[in-house]
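With full-length UniProt numbering, the residue at position 615 of the sequence shown is 615, and numbering never jumps.
Written out below as structure tokens is the structure these notes cover.
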Amino acid sequence: MLVVADGNGSYGSSSRMSSNINLNKNKDTSVSISKMDLIIPFSPDVPCDNNGQRMWWAFLASSMVTFFGGLFIILLWRTLNYLWTVCCHCNIKHKEAQKVNNPMSSQADGPPKNLNDKDDAPASEVGWMTSVKDWAGVMISAQTLTGRVLVVLVFALSIGALGIYFIDSSDPIESCQNFYKDFTLQIDMAFNVFFLLYFGLRFIAANDKLWFWLEVNSVVDFFTVPPVFVSVYLNRSWLGLRFLRALRLIQFSEILQFLNILKTSNSIKLVNLCSIFISTWLTAAGFIHLVENSGDPWENFQNSQPLSYWECVYLLMVTMSTVGYGDVYARTTLGRLFMVFFILGGLAMFASYVPEIIELIGNRKKYGGSYSAVNGRKHIVVCGHITLESVSNFLKDFLHKDRDDVNVEIVFLHNISPNLELEALFKRHFTQVEFYQGSVLNPHDLARVKIESADACLILANKYCADPDAEDASNIMRVISIKNYHPKIRIITQMLQYHNKAHLLNIPSWNWKEGDDAICLAELKAGFIAQSCLAQGLSTMLANLFSMRSYIKIEEDTWQKYYLEGVANEMYTEYLSSAFVGLSFPTVCELCYVKLKLLLIAVEYKSEQRESRSRKRILINPGNHVKMQEGTLGFFIASDAKEVKRAFFYCKACHDDITDPKRIKKCGCKRMTYSKMSVYKRMKLACCFDCGRSERDCSCMSGSVHSNMDSLQRAFPLSSVSVHDCSTSLRAFEDEHPSTLSPKKKQRNGGMRNSPNCSPKMTRHDPLLIPGNEQIENMDANVKRYDSTGMFHWCPSKDIEKVILTRSEASMTVLSGHVVVCIFGDVTSALVGLRNLVMPLRASNFHYHELKPIVFVGSLDYLRREWETLHNFPKVSILPGTPLSRADLRAVNINLCDMCVILSANQNNIDDASLQDKECILATLNIKSMQFDDSIGVLQANSQGFTPPGMDRSSPDNSPVHGLVRQTSITTGSNIPIITELVNDSNVQFLDQDDDDDPDTELYLTQPFACGTAFAISVLDSLMSATYFNDNILTLIRTLVTGGATPELEGLLAEENALRGGYSTPQTLANRDRCRVAQLALYDGPFADLGDGGCYGDLFCKALKTYNMLCFGIYRLRDAHLSSSSQCTKRYVITNPPYEFELVPTDLIFCLMQFDHNAGQSRASLSHSSHSSHSSSKKSSSVHSIPATNRQNRSSKAREARDKQNATRMNRMGPEKRWFTDEAENAYPRNIQIKPMSTHMANQVNQYKSTSSLIPPIREVEDEC
């Protein structure tokens, strides 16, 4: 027999082996083995065999024998088992048939045997096999940690074996390798031993052994594991079918699911497609590599070609894609035959898998990653209503340059990918803004944005939605989801409806004490508008203060110049320096304004009472009884955050002689040594309250104290201080126990600072110390005049039918100085929350006779829905009608009102933004075009008339109310004070026909907004960022605009949705002692000398020292800077003017007035609306009071005048309807309380200077006190 040797075609792909082949060898070379009946081809390139004999068949035979041998055994076992089962079944049937045929013989054989005895052995055997099978199944099922580790380890080792194949593919297909020297063969042997053990576990756990034997993973093991053992035995290596390990990649998605890496269906599908495609590709490339480098056996391996494995990978790719460049192709018959069938399957797979993979990758969320936190940098999460408008407004205010360094990254989370405009906005702020697509309702998305490490989460609301309740419900669900994921996260959310705020209290982890805040847009919008009813233009000033605006410099002397200078001011907080310790609030306020160029308007105070010790209060212009302690937090109005730091850096020793406030910076002296005792000693240097002399001349202290004071005075020189101020401050230190604050939270004013553990000192705590007899008179156990918190006037609930006025009844009722609320709405309209508009106008810091009557003009069906929240407020009436009816407007004397408010509940039901405000615009223009007769003059001519007490010629010239003119006559609707609510900012251009506002002009730059005649809800967007940086800002705003709403009141409204009346107690009556906003006229009265060319700073200091009135702005005529005789009656707002700002006589001054305890205690005394506090009254009684004899004489004259007035009124009016149902039955005539200055009363001051003019008889309600 011959063994044919192939000397030309070597059995390998390596060029190195090909070069060693002698191509000129005799092709007939052969080796004859006489004792074998086989013809075995050989090759002389196999180094381990001198005969060049190939042994590939041995490797292949080991796999074939294993596969078919095992398959034969399984089939044989199944056949025998089937035959045994059939035979046993036949025997059982035969025995049962015999028993049926011979029942007597079976009984004669004896008692029947227990069948359970026969089943004991098989049952125990089956139980043992079942337990082993269950154990093996658990080990490979990945249900336990051990199983998961085993599955992952098998997959990792399979990939490792595939990597070894890639390395060995560069060697010849068959080569002689010594197992003890070949490191890769040893590693591969270890891997395959582990695969063999795992194969045994799988075989034991398999229920159907035949199908297990034919599985892909089993076939892979058959053709990869046995050849390794043959390699060790023969000291040979055959690359063979080891490429089949690539088929293990099909399980890649399962492994990732075991590890919880793949969770979405798209990701699982994408990994499945990619793994199937790649494994098929690599496996086919391995087969081509084998046959092309080996050649065809029937051709004596003559047609082989050297191809590397990666060339085969390239060949398969160009074949699947039908490109086929032709540079690499199959030469062997086996290779070509395989390519024929592979093209059929590969092309189909390429055409279906690749487009689907690309589609899945293309549909993958562009913003689906996870946020990576940066060390040393905080981040916040913003979600909710994410649009171009809301995001741009938020970023404009949050990242404003006036804020101190904002080292905060903003992460937006929304379930809809941004459009191109919003995406461009994010790219412009890419250093501080990131966007991720997802929902806060999904915990996985919350984990992606690292909500647990976020500094806060801000939720924006859609202010223009058609269903506000549904929008609030969505935001509440967002809060619930976030709090459920991380209860400690701070949340600031916008709410549209006030009554929905109560649902937030139902969330267990919601805690306003830890910084959680709900910004109710309806509440604040109504509060801003209500404050404009008390002081027109205040809504504009407050909106500008809490918004970040850049300073726009204008050279021309126009009203825009002064307005924009005030717009640049914002509200900031800062801790006061220890130099202010012991000083009263007015003293510190004056020092800050004059010395530091800062306006201090409020301080944070924490009660000393144990039950309220955890709650901090904001005291706005508290008066002389509040003394500053170490670490008091102040609220300032300034142009940027850097200016406010002067209050913290100010040092008496270092900065006392500095005139330029910019030079006030952190000094070198150790302020930490200024403890409470050191301040005491410093004040002792200036004066002694016992003897009234300076410490150096004082004999009240010992010599040792004198020597210590001498050294201290040289180190810290002091300016001269008045004896009274020193004595007051020193007694505060010696007699009062200092109050303490819990450690302050960080104040978000652009940075973090540890605050001392103190608060302002209140030297008057007992509410019974309120001056006057009003407290005792009000403490009537049988009458409820205020709500249970004492913050608002209250009356028993009234039926709506009792407050409805017909047009004729309204015409007969003399309405003057009232508030007309024009409301558009119907049965289907969303509620605007009129209670939030009425509550500030019914605050308890007004006396009853100071309350402005409120008349609602609108649909009765809509007002019935709102009445449930209004029926406990006094002096409220309804005129059913429409605000577009001039007859209805004339019936309510709109020309005599103090303010006309125009609201609409139908604005968000219209898609066209330009038409959303059509009703409000039409009503505004309708009122402005109305003409009126000189009704006041006619009424005056027919009245007996009297002079109001504040207008009495005998009243002091320096009284703050002296010179308030009578109600001026309005003959045209353009002079009626109006404030209109708008939804779309651009619609403000339609309110004034005489302005030149561009439609693209920002709202705050337009004339109607600057004049306080227009208000849009968009100005409240800035409160989100303002609240984040300083959690006290929202409390201050709500204190200013809501009239005194507290968390306790919100909890009460959440329980009952109505105000509850309460009996007057010292605690509730003490809540009335809080300041309020008013406007002060300069053309007459104690400040008349400053009104004509005086400085605003002098006015500020005089009002603060004399009356404890804190001035913070000017309401000036638009054309005041012109010398024209016919000036426009429109006014604009100037916020926080500088000290040297020149005043004009027609200016109205925004001020914070103290509560006047004496205004309602005696009907015979002079009532002052712009009155000073009790402490100031004692120091300057000549300013605030009138001698007793004059008061008695004036009282009798006023009583007679009132009797005449009532007689005239009764004769003229006849049986007039009493539309104030809460009017006292036993009311008797009294003097009229002069209210704060109304805007249109001052517009025509030059025409009505006389104080002796008569006013018409105006029906009033008796003061309850």
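Quick reminder that beta carbons are idealized off the backbone N, C-alpha and C, glycines included.
Residues in the same chain with beta-carbon distance under 7 angstroms from residue i, minus the five sequence neighbours each way, listed in chain order, please.
i, result
"Y233", "none"
"T184", "I164, I167, D168"
"G160", "F191"
Identify the continuous beta strand (DSSP E) that holds residue i and give its terminal residues.
i, result
"D517", "517-520"
"P880", "876-880"
"I380", "378-384"
"Y572", "570-575"
"C822", "819-824"
If residue i and residue j are in contact, beta carbons under 8 angstroms, what's the gap, nearest whole angstrom?
i, j, result
"residue 1341", "H414", "Because residue 1341 is not part of the residues shown, which for the chain are 1 to 1265, the question remains open."
"R245", "T224", "6 angstroms"
"G1061", "D787", "6 angstroms"
"L1003", "D985", "4 angstroms"
"I489", "I451", "6 angstroms"
"L542", "E570", "No, L542 and E570 are not in contact; Cβ-Cβ is about 11 angstroms, not under 8 angstroms."
"residue 1270", "A891", "For residue 1270 there is no data in the structure shown, the boundaries of the chain being 1 and 1265."
"I492", "V479", "Not confirmed; about 10 angstroms, so no contact."
"S1025", "D397", "5 angstroms"
"A1014", "T980", "5 angstroms"
"Y1115", "V1133", "6 angstroms"
"M548", "F580", "At roughly 27 angstroms, the Cβ-Cβ gap does not stay under 8 angstroms, so M548 and F580 are not in contact."
"S885", "V803", "19 angstroms between Cβ atoms; not a contact."
"T333", "D296", "5 angstroms"
"V983", "I1017", "7 angstroms"
If you follow the alpha helix (DSSP H) that residue i is in, where does it begin and where does it stop?
i, result
"H444", "443-448"
"F258", "252-258"
"G345", "333-363"
"Y1004", "Unbroken run through Y1004: none, as it is neither H nor E."
"A285", "265-294"
Who are the near neighbours of residue i in its chain, counting only those whose CB is closer than 8 angstroms to its CB and skipping five residues on each side?
i, result
"V132", "I204"
"T1068", "Y786, S788, T789, G790, G1062"
"E409", "V374, R377, K378, H379, I380, Q432, V433, E434"
"T1046", "T789, M791"
"M477", "L441"
"A461", "G384, H385, E471, D472, N475, T493, Q494, M495, L496, L521"
"G147", "V138, M139, I140, S141"
With a 10 Å radius around its C-beta and 16 neighbouring C-beta atoms as the bar for buried, classify residue i as buried or exposed.
i, result
"S532", "buried"
"E1142", "exposed"
"P1086", "buried"
"Q916", "buried"
"Y82", "exposed"
"E215", "exposed"
"W211", "exposed"
"A424", "exposed"
"G881", "buried"
"R663", "exposed"
"T1039", "buried"
"D826", "exposed"
"S816", "buried"
Please list, in chain order, all residues of the same chain as residue i whose beta carbon is under 6 angstroms from its beta carbon, the five residues on each side excluded.
i, result
"M189", "V228"
"Y367", "F435, Y436, Q437"
"S370", "R448"
"E1140", "C1095"
"R331", "N303, Q305"
Is the stretch 352-365 close to the stretch 297-314, with three or more CB pairs under 8 angstroms?
-> no
Are the stretch 575-589 and the stretch 631-641 touching, with three or more C-beta to C-beta distances below 8 angstroms?
-> Of all C-beta pairs linking the stretch 575-589 to the stretch 631-641, three or more are shorter than 8 angstroms, placing the two stretches in contact.
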